[in-house]
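*Asks:* I'd like to ask you about the structure that follows.
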Amino acid sequence: MKSWGAFMKNTLEYFLGVFLLFYVCAWSKASDILIVVDDEMIKDNEIRNAINTYTDDIWNTYQVNASIVSFKSQKNGGKATDLKEILVSKKDSITGAVFVGDIPRAQFEFYQKTEEGFRYQRWVTDLYFMDLDGIWKDTAAGGPEAYGGKLFDTTTTTLNFNVVNGSPIPGKVPADSFSIAYSGYIKSPVTALCSLQLTTDNDRRLWINDSLLIDAWFNNWDIPYYSAFQFQKDSLYKFKLNYAEEFGDAYLTLKWKCGDNASYQPIPDSVWRQNDKSTRGLNQTYYGNIFMIDSLPEEDIKHLWISGKSNGVFDGHYSKSGAVSDSFEIWVSRIDPNTAGFYGNPKTLLLRYFEKIHSYYLGLFKKRTRSAMFLTEEGGLNNPLDQKFVDGLSRLYSLDSLDKSIADGLEYLDNIKSDKYDWALYGGHGGQTGLGNGLDITQVERNMCVSPRFFHFACCGPLTCYDFYGNANSASVGSEHIFNTINGGFVSIGSSKTSGSDQMDGFMYYAFEHKFIGESFREWVNERVKRNQYGHKEDLYDWFYGESIIGDPMQKLEVPEQKTIRIHKVKAQQKPQKNGKLYDLLGRIKGLTNL
3 MKSWGAFMKN TLEYFLGVFL LFYVCAWSKA SDILIVVDDE MIKDNEIRNA
53 INTYTDDIWN TYQVNASIVS FKSQKNGGKA TDLKEILVSK KDSITGAVFV
103 GDIPRAQFEF YQKTEEGFRY QRWVTDLYFM DLDGIWKDTA AGGPEAYGGK
153 LFDTTTTTLN FNVVNGSPIP GKVPADSFSI AYSGYIKSPV TALCSLQLTT
203 DNDRRLWIND SLLIDAWFNN WDIPYYSAFQ FQKDSLYKFK LNYAEEFGDA
253 YLTLKWKCGD NASYQPIPDS VWRQNDKSTR GLNQTYYGNI FMIDSLPEED
303 IKHLWISGKS NGVFDGHYSK SGAVSDSFEI WVSRIDPNTA GFYGNPKTLL
353 LRYFEKIHSY YLGLFKKRTR SAMFLTEEGG LNNPLDQKFV DGLSRLYSLD
403 SLDKSIADGL EYLDNIKSDK YDWALYGGHG GQTGLGNGLD ITQVERNMCV
453 SPRFFHFACC GPLTCYDFYG NANSASVGSE HIFNTINGGF VSIGSSKTSG
503 SDQMDGFMYY AFEHKFIGES FREWVNERVK RNQYGHKEDL YDWFYGESII
553 GDPMQKLEVP EQKTIRIHKV KAQQKPQKNG KLYDLLGRIK GLTNL
């Protein structure tokens, strides 16, 4: 008979072996995440250190390993297809990916039949990166209506105009789908700091002395955009303004308020100088498209959809079996400060965001115990579609802790700034620059203190912040909720396209299961796409393929406590490999890696 000591020794060895086996399996299982940082941001020491701290917070809190890799930004030529290859190569070791900065975006398009006729649609979709084994097809080329390339050069003595729904130059410029590039100089009549106010229908960008002061290249109207510039009397300042009219009315008004002036006034025509610096007026170039493209193939002019011609934009998504869609294996979230540019430069916005997330993981965040639904007069309080949200939020926070109300834009702001809510859901109409309750994006004040961690938008377009080619574009209302807020504002959930009460239903049921919000989103997308795959595929693409999340995907409903302490002591740096050269994970692109 073995002694008690030998028995205990064998027992301890057995449990130690089981523990080591469990530890190895836990380490090797598909529980890691990949953090992809754009190649420009990773070069900044402060940004790199902030991301390293974020990976430490994830490990200390959840024991989930986060690896950092760099990737060429979209503006530097990065391709979504190359990024997808990296994700596919890691499909057995990651459950999700966080894209930090200007990481390439995939786009989807189709030609939709509506009551008004056919309408071309194109939008950004992160579902492309979430599906690692599906088939994405590019079988056609589409675009908005165009009338030609560069039309002509001319000059003007006045900048501001309003042609209602007509043409600025009848017979030479179409009433819709045109753009204008203005260039020249401002000869300042004053020495003063001048506030600038630009209001247009539609797209606009403004530079003075090569500084981009206003960047709002999207289709909206009647919204003033502001900036400021210090002028010296009689000095010349380089001036550039790009404008595009998509559909409907067309107008442009640039005003300023200098020094002690109490109100904005139109900038007088006397200040303008052409490119020769002496002749009065401004140079103009007109284009028969909204992209300021000099030339278009004849087949693209006045054609919205060309079958059999690829253009790098996906128009179909299938599984290997030929079904409309496939399951999604990983989640993807973006943390891109380039999409919230109203109140700071991208670096400042990103560092501020990671700072508040770090405070959360250190246990300095006070979780609120209530949730809220903010609806509009149009939808009302008794819309049957909203009951799914009531049920979901009641499961998360209890029915007694749910506040449901009709709120205009100011009431909405007052409520999210109150110290009450952990989850705020908006239901109604929406768009890139505002919500249907009257909230305009510019009302999200810089460093606005809010309580909700989660902002949930059951509306169209709150995460739309990209131009026609998928480039990061100024701002979206969803981005402003996380980058220009303090205390709360960790995650925005919504769509870069169409959505509403009948699309985002059921999401809270997955969040209730104590998963990361990223994983909850992946499971919800799988369930909804499978539920709708037998309908018309364009309806499926239209209503679901813009759904996405931005912000920290590692949030859980319950506020966690850090279990270990790991401090990152190594820096992301260049790693020489073959022949002293640098390679990315595909062995092709020079970049940085985390050592």
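In terms of the numbering used here, the numbers along the sequence shown are unbroken and rise by one, the last being 597.
We put the beta carbon where it would ideally sit given N, CA and C, even for glycine.
Does DSSP classify Asn385 as helix, strand or coil?
*Replies:* The residue given as residue 385 occupies position 383 in the sequence shown. Reduced to three states, the DSSP call for Asn385 is coil.
*Asks:* Measure the Cβ-Cβ separation of Phe316 and Val527 and say whether it is below 8 Å.
*Replies:* As a working mapping, residue 316 is identified with position 314 in the sequence shown. As a working mapping, residue 527 is identified with position 525 in the sequence shown. No, these two residues do not count as a Cβ contact at 8 Å.
*Asks:* Could you compute how far the alpha carbon of Asn449 sits from the alpha carbon of Ile359?
*Replies:* As a first step, residue 449 is located in the sequence shown; it is residue number 447 there, counting from the start. As a first step, residue 359 is located in the sequence shown; it is residue number 357 there, counting from the start. Straight-line Cα distance between these residues: approximately 14 Å.
*Asks:* How big is the Cα-Cα spacing for Tyr245 and Phe514?
*Replies:* In the sequence shown, residue 245 corresponds to position 243, counting from 1. In the sequence shown, residue 514 corresponds to position 512, counting from 1. Whole-angstrom Cα-Cα distance: 46 Å.
*Asks:* Which two residues bound the contiguous alpha helix (DSSP H) that contains Lys257?
*Replies:* On the sequence shown, position 255 is the one that residue 257 refers to. Taken as a continuous stretch (DSSP letters only), Lys257 belongs to no alpha helix (DSSP H), being part of the beta strand (DSSP E) at 252 to 260.
*Asks:* What's the gap between the Cα of Phe456 and the Cα of Gly490?
*Replies:* Here residue 456 refers to the residue found at position 454 of the sequence shown. Here residue 490 refers to the residue found at position 488 of the sequence shown. Phe456 and Gly490: Cα-Cα distance of roughly 8 Å.
*Asks:* Measuring alpha carbon to alpha carbon, tell me which residue in His431, Ser522, Gly436, Phe356 is nearest Ile599.
*Replies:* Absent from the structure is residue 599, since the part of the chain shown begins at 3 and ends at 597.
*Asks:* Are three or more beta carbon pairs between the stretch 194 to 207 and the stretch 270 to 283 nearer than 8 Å?
*Replies:* By the Cβ test, the stretch 194 to 207 is not in contact with the stretch 270 to 283, since fewer than three Cβ pairs between them sit closer than 8 Å.
*Asks:* Report yes if the C-beta distance between Arg107 and Ala143 is below 8 Å; otherwise report no.
*Replies:* Here residue 107 is taken as the residue at index 105 of the sequence shown, counted from 1. Here residue 143 is taken as the residue at index 141 of the sequence shown, counted from 1. No, the pair does not count as a contact, with Cβ atoms beyond the cut-off.
*Asks:* Is it true that the stretch 415 to 429 meets the stretch 208 to 226, where meeting means three or more beta-carbon pairs spaced less than 8 Å apart?
*Replies:* no
*Asks:* Quick check on this structure: which residue in Tyr363, Arg336, Phe241 has the alpha carbon closest to the alpha carbon of Tyr64?
*Replies:* Taking the sequence shown and counting its residues from 1, the one referred to as residue 64 is at position 62. Minimum Cα distance to Tyr64 is reached at Tyr363.
*Asks:* For Ala194, collect the residues of the same chain with a Cβ closer than 7 Å to its Cβ; drop the 5 residues on either side in sequence, then sort them by chain order.
*Replies:* Here residue 194 refers to the residue found at position 192 when the sequence shown is read from its first residue. Once the five neighbours on either side are set aside, the close Cβ partners of Ala194 are Phe233, Cys260, Gly261.
*Asks:* Alpha carbon to alpha carbon, what distance is there between Leu256 and Gln286?
*Replies:* By 1-based counting over the sequence shown, the position of residue 286 is 284. By 1-based counting over the sequence shown, the position of residue 256 is 254. Distance between the alpha carbons of Gln286 and Leu256: 16 Å.
*Asks:* For Val102, report the span of its beta strand (DSSP E) as first-last.
*Replies:* The count along the sequence shown starts at 1 and reaches residue 102 at position 100. From DSSP, the beta strand (DSSP E) with Val102 extends over 96 to 102.
*Asks:* Let me know the beta strand (DSSP E) ranges lying completely inside the stretch 197 to 258, each 3 residues or longer, listed in chain order.
*Replies:* 205 to 210, 213 to 218, 227 to 233, 238 to 247
*Asks:* May I have the straight-line CA-CA distance separating Asp544 from Thr500, to the nearest angstrom?
*Replies:* Residue mapping note: residue 544 aligns to position 542 of the sequence shown, counting from 1. Residue mapping note: residue 500 aligns to position 498 of the sequence shown, counting from 1. Using only the alpha carbons, I get a separation of about 6 Å.
*Asks:* Have a look at Asn126 and Thr466 and give me their C-alpha separation to the nearest angstrom.
*Replies:* Residue 126 sits at position 124 when you count from the first residue of the sequence shown. Residue 466 sits at position 464 when you count from the first residue of the sequence shown. For the sequence presented, residue 126 should be read as Val rather than Asn. Approximately 8 Å, taken between the alpha carbons.
*Asks:* Measuring alpha carbon to alpha carbon, tell me which residue in Trp333, Val446, Pro339, Val90 is nearest Met43.
*Replies:* Taking the sequence shown and counting its residues from 1, the one referred to as residue 43 is at position 41. Residue Pro339 is the option with its Cα nearest to Met43.
*Asks:* In terms of residues, what are the limits of the beta strand (DSSP E) holding Met375?
*Replies:* The residue labelled residue 375 in the question sits at position 373 within the sequence shown. Per DSSP, Met375 belongs to the beta strand (DSSP E) from 372 to 377.
*Asks:* State the beta-bridge partners of Asp34 as determined by DSSP.
*Replies:* Here residue 34 refers to the residue found at position 32 of the sequence shown. The partner list for Asp34 (beta bridge, DSSP) reads Ile96.
*Asks:* Where do the N-terminal and C-terminal ends of the beta strand (DSSP E) with Met450 fall, by residue?
*Replies:* For this step, residue 450 is matched to residue 448 along the sequence shown. Following the DSSP letters along the chain, one finds Met450 inside the beta strand (DSSP E) bounded by residues 450 to 452.
*Asks:* Check whether the stretch 181 to 192 touches the stretch 288 to 295, taking contact to mean three or more Cβ pairs, one atom from each stretch, closer than 8 Å.
*Replies:* yes
*Asks:* Mind checking Ile137: buried by the 16 CB within 10 Å criterion, or exposed?
*Replies:* Residue 137 sits at position 135 when you count from the first residue of the sequence shown. Label assigned to Ile137: exposed.
*Asks:* If you follow the alpha helix (DSSP H) that Phe293 is part of, which residue opens it and which one closes it?
*Replies:* Position 291 of the sequence shown, counting from 1, holds the residue named residue 293. Where Phe293 is concerned, there is no enclosing alpha helix (DSSP H), given that its DSSP letter is neither H nor E.
*Asks:* Cα separation between Gly186 and Trp307?
*Replies:* The residue given as residue 186 occupies position 184 in the sequence shown. The residue given as residue 307 occupies position 305 in the sequence shown. So the two alpha carbons sit approximately 37 Å from each other.
*Asks:* So, using beta-carbon positions, are Gly553 and Ser497 closer together than 8 Å?
*Replies:* Walking along the sequence shown from the start, residue 553 turns up at place 551. Walking along the sequence shown from the start, residue 497 turns up at place 495. If you check the CB distance, Gly553 and Ser497 do not come in under 8 Å.
*Asks:* For Leu437 and Gly314, I'd like the C-alpha separation in whole angstroms.
*Replies:* By one-based count along the sequence shown, residue 437 stands at place 435. By one-based count along the sequence shown, residue 314 stands at place 312. When rounded, the distance between both Cα atoms is 32 Å.
*Asks:* Can you tell me whether Ala148 is helix, strand or coil according to DSSP?
*Replies:* Taking the first residue of the sequence shown as 1, we reach residue 148 at position 146. Ala148 sits in coil when the DSSP states are folded into three classes, being neither helix nor strand.
*Asks:* What is the DSSP secondary structure of Gly433, counted as helix, strand or coil?
*Replies:* Indexing the sequence shown from 1 puts residue 433 at position 431. Here Gly433 sits in strand by DSSP.
*Asks:* So what does DSSP say about Phe111, is it helix, strand or coil?
*Replies:* What you label residue 111 is simply residue 109 of the sequence shown in a count that begins at 1. Sequence check: residue 111 is Glu here, not Phe. If DSSP states are grouped into helix, strand and coil, Glu111 belongs with the strands.
*Asks:* From what residue to what residue does the beta strand (DSSP E) around Leu404 run?
*Replies:* Position 402 of the sequence shown, counted from the first residue, corresponds to residue 404. From DSSP, the beta strand (DSSP E) with Leu404 extends over 404 to 408.
*Asks:* Between which two residues does the beta strand (DSSP E) holding Lys139 run?
*Replies:* The residue you call residue 139 lines up with position 137 of the sequence shown. Element bounds for Lys139: 137 to 139.
*Asks:* Let me know the secondary structure DSSP gives Gln286 once reduced to three states.
*Replies:* To locate residue 286, count along the sequence shown from 1; it is residue 284. Here Gln286 sits in strand by DSSP.
*Asks:* Taking the straight line between their C-alpha atoms, what separation do you get for Lys235 and Thr202?
*Replies:* Mapped onto the sequence shown, residue 235 falls at position 233. Mapped onto the sequence shown, residue 202 falls at position 200. In a straight line, the C-alpha of Lys235 is about 28 Å away from that of Thr202.
*Asks:* So the candidates are Ile551, Gln114, Glu560; which of them puts its Cα closest to the Cα of Lys369?
*Replies:* Within the sequence shown, numbered from 1, the residue matching residue 369 stands at position 367. Measuring from the Cα of Lys369, the nearest candidate turns out to be Glu560.
*Asks:* Using 8 Å as the threshold, is the C-beta distance between Glu482 and Ile443 below it?
*Replies:* Taking the first residue of the sequence shown as position 1, residue 482 is located at position 480. Taking the first residue of the sequence shown as position 1, residue 443 is located at position 441. Yes, these two residues count as a Cβ contact at 8 Å.
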